[in-house]
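Numbering (our numbering), first residue to last: 2 to 391. These notes are about the structure you will find just below.
Written out as structure tokens, the structure reads:
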């Protein structure tokens, strides 16, 4: 691999910052013709919306000629006001949500900011604590008509052992019956952490404490924590152990005595300092001026396929999603078209996979904006004659 450039690491990366416009929300028409207020939570975890209860009256309003004139005329709606959100569990099984903004500038702001949030490198490689906070945020957003958190949502989220979930909720002094609900003010982040500690025991932490001589005490001393980090974690970066205590220990008395409680130690183990991939390795840190053969390249095979390479469907959208995921080398299986025009198309040759007209792919283009580095298009031999030069 080409040599690294010193000093160019996680300092270039920033955690997600949600603009106030997205937190407050903006008015959109959710396709088809439902007026909603689109919002993003302050931590940038979820895109959600609120719709009026009387959907029928809003549909009547949206069909009103004055409303259509405000949105760009009754005959055609401007594409500049459209916002399309692509989501799904993977690159293949995707769905589309379409929203129409009242103003073009609103759609532009939301498009740019949502893309930044979706492509944030630190968010894509978040720590365990961040994912737990995301789980908590989801529960807080899924309230009933009374503005309370249904217990059934918590049971559904931790469905492996519902009886243990009920016991953990009860031990925290919260409502635990499936038909009941919890006030959001009672279900704080600290209470959620306490609930998780009751639900998910950590014998691995008990073993660590026993090995470093802290078993039987409700805390780790500064020396014990330093020994664990330097000797067992073998992490030479974390010399300022006190900073970790201030960061993860919520008990002020423990902080003043340079001690970390068991809860604080659990937060530290789930923090960004213990991520599988160190943050400084997520940023571009290599010399990118070397010949192409000096690098490993994130490549894609049969990029266009959404399923198996014998009978699967082909889609232009796959090129877009693959490039946005960070892939830098895509494959174009180009084949000579049928008479009369012999227009080339993309498919997996001599199979039953569907075809993509090459001109459609060229016309729609693709988002080559995910990284500043080069992108390659690898063409498999399927064309002959003059069409190769197109």
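C-beta: ideal position from N, C-alpha, C; glycine also.
**OP:** Whole angstroms is fine: what's the gap from residue 322's alpha carbon to residue 214's?
**Re:** Cα to Cα, residue 322 sits roughly 51 Å from residue 214.
**OP:** Quick one: using the 10 Å Cβ neighbour count with 16 as the cut-off for buried, is residue 204 buried or exposed?
**Re:** It counts as exposed.
**OP:** With a 10 Å radius around its C-beta and 16 neighbouring C-beta atoms as the bar for buried, classify residue 349 as buried or exposed.
**Re:** Residue 349 should be labelled buried.
Subject >> the stretch 95-113 in contact with the stretch 23-36 per 3-pair CB rule at 8 Å >> reply: Yes: the two stretches touch, three or more of their Cβ pairs being nearer than 8 Å.
Original post:
Name the DSSP bridge partner or partners of residue 88?
Top reply: In DSSP, residue 88 forms a bridge with 96.
Original post:
Just how far apart, CA to CA, sit residue 164 and residue 175?
Top reply: Near 14 Å, if we compare the C-alpha coordinates of residue 175 and residue 164.
**OP:** Could you have a look at residue 253 and say whether DSSP puts it in helix, strand or coil?
**Re:** If DSSP states are grouped into helix, strand and coil, residue 253 belongs with the helices.
Subject >> Close beta carbons around residue 304, own chain, < 7 Å, minus the five adjacent residues each side >> reply: Contacts found: 319, 320, 323, 331, 332.
Subject >> DSSP bridge partner residues for residue 183 (one or two, in chain order) >> reply: According to DSSP, which records beta bridges pairwise, residue 183 is partnered with 150.
Subject >> Coarse secondary structure for residue 134, derived from DSSP in three states >> reply: Three-state result, residue 134: helix.
**OP:** With DSSP as the reference, please indicate the residues paired to residue 335 in a beta bridge.
**Re:** Paired residue(s): 347.
**OP:** With a cut-off of 8 Å on the beta carbons, I'd call residue 122 and residue 283 a contact; round off their distance for me.
**Re:** The pair is a contact, with the Cβ atoms about 5 Å apart (cut-off 8 Å).
**OP:** Can you say whether residue 262 is buried or exposed, counting buried as having 16 or more other CB atoms within 10 angstroms of its CB?
**Re:** Within 10 angstroms of the beta-carbon of residue 262 lie 16 or more other beta-carbons, which makes it buried.
Subject >> Cut-off 8 Å between Cβ atoms - residues of its own chain near residue 64, not counting five sequence neighbours on either side >> reply: Confidence is the limiting factor: at residue 64 the pLDDT is only 47, short of 50, which leaves the residue's position unreliable and the question unanswerable from this model.
**OP:** Name the one or two DSSP bridge partners that residue 400 has.
**Re:** Given a span of 2 to 391 for the chain in the structure shown, any question on residue 400 remains unanswerable.
**OP:** In the DSSP assignment, find the unbroken alpha helix (DSSP H) run with residue 192 in it and report its ends.
**Re:** Residue range 190-200 is occupied by the alpha helix (DSSP H) that includes residue 192.
Subject >> residue 357, DSSP secondary structure in three states >> reply: Strand, per DSSP.
**OP:** Please confirm whether residue 221 and residue 255 have their CB atoms less than 7 Å apart.
**Re:** No. Outside cutoff.
Original post:
Per DSSP, what kind of secondary structure is residue 260 in: helix, strand or coil?
Top reply: If DSSP states are grouped into helix, strand and coil, residue 260 belongs with the strands.
**OP:** Take every Cβ of the stretch 143-154, pair it with every Cβ of the stretch 104-120, and state whether three or more of those distances are shorter than 8 Å.
**Re:** Fewer than three pairs of CB atoms, one per stretch, sit closer than 8 Å, so the stretch 143-154 makes no contact with the stretch 104-120.
Original post:
Shortest alpha-carbon distance to residue 227 belongs to which of 39, 89, 269?
Top reply: The shortest C-alpha separation from residue 227 is found at 269.
**OP:** On a CA-only basis, which of 353, 329, 358 is nearest residue 343? Give me that one, please.
**Re:** Nearest C-alpha to residue 343: 358.
Subject >> Contacts around residue 87, its chain only, beta-carbon distance under 7 Å, and the 5 residues preceding and following it disregarded >> reply: Result list for residue 87: 95, 97, in chain order.
Original post:
If you count every other CB in all the chains shown that lies within 10 Å of the CB of residue 196, and 16 or more means buried, which is it?
Top reply: With 16 or more other Cβ atoms from the protein chains shown falling within 10 Å of its own Cβ, residue 196 counts as buried.
**OP:** Output yes or no for whether 7 Å exceeds the beta carbon distance between residue 138 and residue 42.
**Re:** Yes.
Subject >> Boundaries of the beta strand (DSSP E) in which residue 380 is found, first to last residue >> reply: Here the beta strand (DSSP E) through residue 380 covers 377-381.
Subject >> Beta-carbon proximity check, residue 186 vs residue 223, cutoff 7 Å >> reply: Cβ atoms of residue 186 and residue 223: not closer than 7 Å.
Original post:
Rounded to a whole number of angstroms, what is the C-alpha to C-alpha distance between residue 297 and residue 375?
Top reply: Their Cα atoms are separated by approximately 13 Å.
Subject >> Alpha-carbon to alpha-carbon, residue 180 and residue 172 >> reply: Taking C-alpha positions only, residue 172 is separated from residue 180 by approximately 18 Å.
**OP:** May I have the straight-line CA-CA distance separating residue 39 from residue 159, to the nearest angstrom?
**Re:** Taking the straight line from one Cα to the other gives about 28 Å.
Subject >> Where the alpha helix (DSSP H) through residue 172 begins and ends >> reply: For residue 172, the enclosing alpha helix (DSSP H) covers residues 163-172.
Subject >> Environment of residue 315 [buried if 16+ CB atoms lie within 10 Å] >> reply: Buried, because 16 or more other Cβ atoms sit within 10 Å of the Cβ of residue 315.
**OP:** For residue 190, collect the residues of the same chain with a Cβ closer than 8 Å to its Cβ; drop the 5 residues on either side in sequence, then sort them by chain order.
**Re:** Excluding residues within five positions, the ones whose Cβ falls inside 8 Å are 134, 137.
**OP:** Check the DSSP bridge columns for residue 102 and list the partner residues they point to.
**Re:** According to DSSP, which records beta bridges pairwise, residue 102 is partnered with 29.
**OP:** Grab the span of the alpha helix (DSSP H) containing residue 324 for me, first residue to last.
**Re:** Where residue 324 is concerned, the enclosing alpha helix (DSSP H) stretches over 318-325.
**OP:** With DSSP as the reference, please indicate the residues paired to residue 222 in a beta bridge.
**Re:** BP columns for residue 222 point to 260.
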